[in-house]
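Protein chains in written order, with my numbering: chain Z, 5 to 249; chain W, 315 to 618.
Beneath this line is the structure, given in structure tokens, with notes to follow.
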């Protein structure tokens with residue numbers, strides 16, 4: 005990866021292809037994310053959305069094409085992936101360059117409402133707390149690009165709503181570019197400036213979300229966008245309607 | 315209307331439902347074998363469930379019963395002193411050996427051998443395991459060699475060791491070192507290779523350098539296995555010690571035991587065996603303590 009002038013882009017991908025054997029999971033894909041933009045990527049299981057995130061996180065190198073990402077980026081995975089042998093605050097500052105790790109860890113943990121858990125082992129955290137610690141670990145790096153790989157997927161419904169609010173709040177404060185990979189259309193519409201639908205290894209459709217924040221599920225435009233996206237995801241209108249009722 | 319209200323008020327303690335079914339049901343429904351309310355079982359809190367003796371005491375029951383049986387067989391004459399001295403005799407000879415200072419000297423000599431052997435063997439085993447665990451080149455060069463040597467029974471090497479190292483301390487320590495190196499190698503190597511890949515990946519996204527990755531992720535991740543290896547190594551260190559001390563020793567528990575055999579002193583032999591057992595127990599206790607200190611982060615099953 006070399007540095008080059010890409011204007012105000014935080015991510016620039018051109019002609020990206022990733023093959024597993026004969027199958028191209030990502031097939032000649034283009035994507036741009038502006039600095040400070042919140043983009044959600046939705047798609048059915050196995051459509052390649054997580055693979056794309058792994059490529060942007062520099063975890064998957066078997067690629068063809070051009071991929072440019074900022075040097076400072078952070079990832080929060082679906083599982084919190086905290087080192088069980090380190091107390092929470094040491095997990096937050098693991099690999100963090102610069103001095104005064106304790107103070108910075110405390111600040112990041114305070115930001116996610118987890119100050120009181122700084123000194124415990126990860127094993128005693130609840131699912132939601134562990135996920136918040138993982139978020140603090142990502143944020144303490146002050147990233148230009150935050151990659152979220154279904155970070156709420158393993159949370160229960162109530163905790164998920166809280167975590168979504170937290171992410172919205174943190175993003176409004178930080179204004180870093182975010183790529184959220186999710187299979188939850190409502191979550192994407194609640195949080196993102198732009199929702200991309202991934203299908204057959206390419207971005208099949210893009211929906212700009214102009215709804216005002218904080219967003220409401222009962223907004224008529226919300227419902228409209230929702231059924232549009234569900235249509236693109238191959239979930240028929242009747243099924244989607246039944247789910248809402 | 316008023317009378318009905320009054321009825322309800324009078325029957326306030328009985329179920330209100332009863333008012334809508336004045337006639338009693340002819341029979342309970344035979345549809346299910348367990349029709350009606352299921353039998354409720356009280357869930358006991360752990361404090362009550364763990365009734366009886368405290369655990370350390372409970373652990374002692376087995377050994378104490380064994381000694382009691384042994385004593386019983388000795389005093390009734392079933393076990394003759396020529397075959398196996400009774401616990402009382404063993405205790406007195408232990409006391410006299412302690413009084414002359416023989417026992418302490420022997421224990422110290424044996425402990426010194428075990429410690430230096432373990433230190434050398436452990437260093438070699440762990441170093442090789444880290445190299446072959448971390449680097450593919452190391453694995454290719456080291457692993458098959460170690461696996462090959464591992465299958466050679468190390469007791470069979472005693473004659474060779476005597477030729478190489480003489481009959482002093484060196485062959486005994488070498489034997490212990492060799493015996494302890496393998497369990498540590500195998501377990502540390504397996505520990506390194508079994509570190510959770512998702513954690514390694516997460517650490518990579520945090521920008522950890524290779525050295526930091528080894529220090530903060532891979533070695534702590536291998537620690538539970540390494541401690542299993544240590545426990546195993548300590549066990550075989552004792553075994554190797556017993557064998558090593560049978561060869562021309564002039565000090566140590568094995569020497570004491572060999573001497574006793576010459577004079578048919580079964581009580582002294584048993585004292586020595588008991589010393590080996592006690593030392594093993596103490597060392598195991600130390601490793602348990604170490605595990606509790608070093609692995610307190612681990613969410614693990616600790617037995618029901």
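Glycine residues also receive a C-beta, built at the ideal position from the N, C-alpha and C atoms.
From a predicted model like this one, the values you see are computed outputs, not experimental measurements.
For residue j and residue i, the rounded distance between their alpha carbons
i             : j             : result
residue 23/Z  : residue 59/Z  : 12 Å
residue 230/Z : residue 91/Z  : 41 Å
residue 46/Z  : residue 63/Z  : 20 Å
residue 531/W : residue 211/Z : 41 Å
residue 491/W : residue 427/W : 10 Å
residue 208/Z : residue 191/Z : 19 Å
residue 508/W : residue 536/W : 7 Å
residue 19/Z  : residue 519/W : 24 Å
residue 599/W : residue 372/W : 16 Å
residue 37/Z  : residue 432/W : 58 Å
residue 117/Z : residue 143/Z : 13 Å
residue 17/Z  : residue 171/Z : 25 Å
residue 497/W : residue 67/Z  : 42 Å
residue 441/W : residue 577/W : 45 Å
residue 388/W : residue 407/W : 16 Å
residue 163/Z : residue 132/Z : 6 Å
residue 595/W : residue 182/Z : 57 Å
residue 12/Z  : residue 495/W : 58 Å
residue 125/Z : residue 522/W : 21 Å
residue 83/Z  : residue 122/Z : 19 Å
residue 214/Z : residue 511/W : 40 Å
residue 79/Z  : residue 30/Z  : 20 Å
residue 154/Z : residue 169/Z : 15 Å
residue 613/W : residue 566/W : 42 Å
residue 473/W : residue 525/W : 43 Å
residue 56/Z  : residue 177/Z : 26 Å
residue 25/Z  : residue 88/Z  : 35 Å
residue 513/W : residue 592/W : 41 Å
Neighbour flag for residue i against chain Z, beta carbons, 9 Å
i             : result
residue 516/W : yes
residue 450/W : no
residue 446/W : no
residue 603/W : no
residue 359/W : no
residue 606/W : no
residue 613/W : yes
residue 424/W : no
residue 512/W : yes
residue 610/W : yes
Neighbour flag for residue i against chain W, beta carbons, 9 Å
i             : result
residue 62/Z  : yes
residue 77/Z  : yes
residue 145/Z : yes
residue 22/Z  : no
residue 141/Z : yes
residue 54/Z  : no
Three-state secondary structure assigned by DSSP to residue i
i             : result
residue 209/Z : strand
residue 216/Z : coil
residue 447/W : helix
residue 70/Z  : strand
residue 19/Z  : strand
residue 3/Z   : Chain Z is shown only over 5 to 249; residue 3/Z falls outside these bounds and no answer can be derived.
residue 481/W : coil
residue 609/W : coil
residue 614/W : coil
residue 124/Z : coil
residue 181/Z : strand
residue 188/Z : coil
residue 14/Z  : strand
residue 197/Z : coil
residue 454/W : helix
residue 153/Z : strand
residue 223/Z : coil
residue 101/Z : coil
residue 538/W : helix
residue 238/Z : coil
Looking at chain W, which residues of the segment 80-110 of chain Z have a Cβ within less than 7 Å of any of its Cβ atoms? 81, 83, 85, 87, 88, 89, 98, 99
Give, in chain order, every residue of the segment 520-550 of chain W whose Cβ lies closer than 9 Å to some Cβ of chain Z. 520, 521, 522, 523, 526, 527, 530, 531, 534, 535, 537
Under 8 Å, CB to CB, which of the residues in the segment 119-131 of chain Z have a partner in chain W? 125, 126, 127
Taking only runs of the alpha helix (DSSP H) that begin and end inside the segment 23-96 of chain Z, which ones reach a length of at least 4 residues, in chain order? 53-60, 92-96
Could you tell me which whole alpha helix (DSSP H) segments of length 4 or greater appear in the segment 345-398 of chain W? 360-363, 369-389
Identify every run of the alpha helix (DSSP H) within the segment 544-607 of chain W, keeping only runs that are complete inside it and at least 4 residues long; order them along the chain. 567-576
What runs of the alpha helix (DSSP H), each 4 residues or longer, lie entirely inside the segment 487-530 of chain W? 511-519, 524-527
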